[in-house]
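Take the position in the sequence shown, starting the count at 1, then add 75; the result is the number in my numbering. Cβ atoms here follow ideal geometry from the backbone N, Cα and C, with glycine treated the same way. Some notes on the structure that comes next.
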Amino acid sequence: MAERKRLSAQDWAAAALDALSEGGVAAVSVEPIAARLGTTKGSFYWHFSGRDALLEAALLRWEETHTGEVIALVEAEPDMRRRLRLLLTVALGGDAGHPGDRVELALQPTAGHPLVAPVLARVTRRRLDYITGLFTALGFPAEQARHRSLLVYTAYLGHAQLAHATPDATPRGPELPGYVDAVIATLTSA
């Protein structure tokens, strides 16, 4: 008899995040996720007190991987203009199947959900503050930096929706660098 792999809370959170990206908050359901993982609900209850705890873990995982890790990646670049370019390449470079974009879009219809709302607010605030900091470091006054960061973020959300709905309408592959350069030229012009 083959030994069953012991699942961690992170395994469950990752599977819940996949389910969330595919079907929204309603898809974070214990039995289908257990089936996806090839285990029983008993494994779930070893790590979580209930479905809400699993949803919270999935949301925190999304926040860390699609905000914290992206910021850490971008921060490793010493040049501010190249930092902005890297951020836009990562954000806009995901095709319609990009997991961060799928989660972002899946969360929007449930933005008022009591577990989703604070995470979306925190992620949005952190992202806007980070982008504002980039524009400030590029020499823009505080108010202009904030306006430009808002433009970047709304462009990202619109790009994610467009890539989801009509993927052929968004630049990918070899077209992406030129598009990112044009976006940066627009965003950094006086």
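Legend entry - S264 and V178 closer than 8 angstroms at C-beta: No.
Inset, instruction - Go ahead and pull the three-state DSSP assignment for A171. - result: With a pLDDT of 42 at A171, under the threshold of 50, the modelled position of this residue cannot be trusted, and the question is left open.
Legend entry - Burial state of S83 (16 or more Cβ within 10 Å): Burial call: exposed.
Inset, instruction - Pull up the distance between the alpha-carbon of L167 and that of H122, whole angstroms please. - result: Take the alpha-carbon of L167 and the one of H122: they are about 35 angstroms apart.
Legend entry - Within 8 angstroms, strictly: CB atoms of A220 and T229: Not in contact: A220 and T229 (Cβ atoms no closer than 8 angstroms).
Inset, instruction - Count the other C-beta atoms from every protein chain shown that fall within 10 angstroms of the C-beta of L159, then say buried if there are 16 or more, exposed otherwise. - result: L159 counts as buried, since no fewer than 16 other beta carbons sit within 10 angstroms of its beta carbon.
Inset, instruction - Identify whether E152 lies in helix, strand or coil by the three-state DSSP scheme. - result: When secondary structure is reduced to three states using DSSP, E152 falls in the coil class, being assigned neither helix nor strand.
Inset, instruction - Within the same chain, show all residues whose beta-carbon is closer than 7 angstroms to that of I259, passing over the 5 residues directly before and after it, in chain order. - result: Result list for I259: L159, R160 and L163, in chain order.
Inset, instruction - Following the continuous alpha helix (DSSP H) through R201, name the residue where it begins and the one where it ends. - result: Start and end: V191 to A212.
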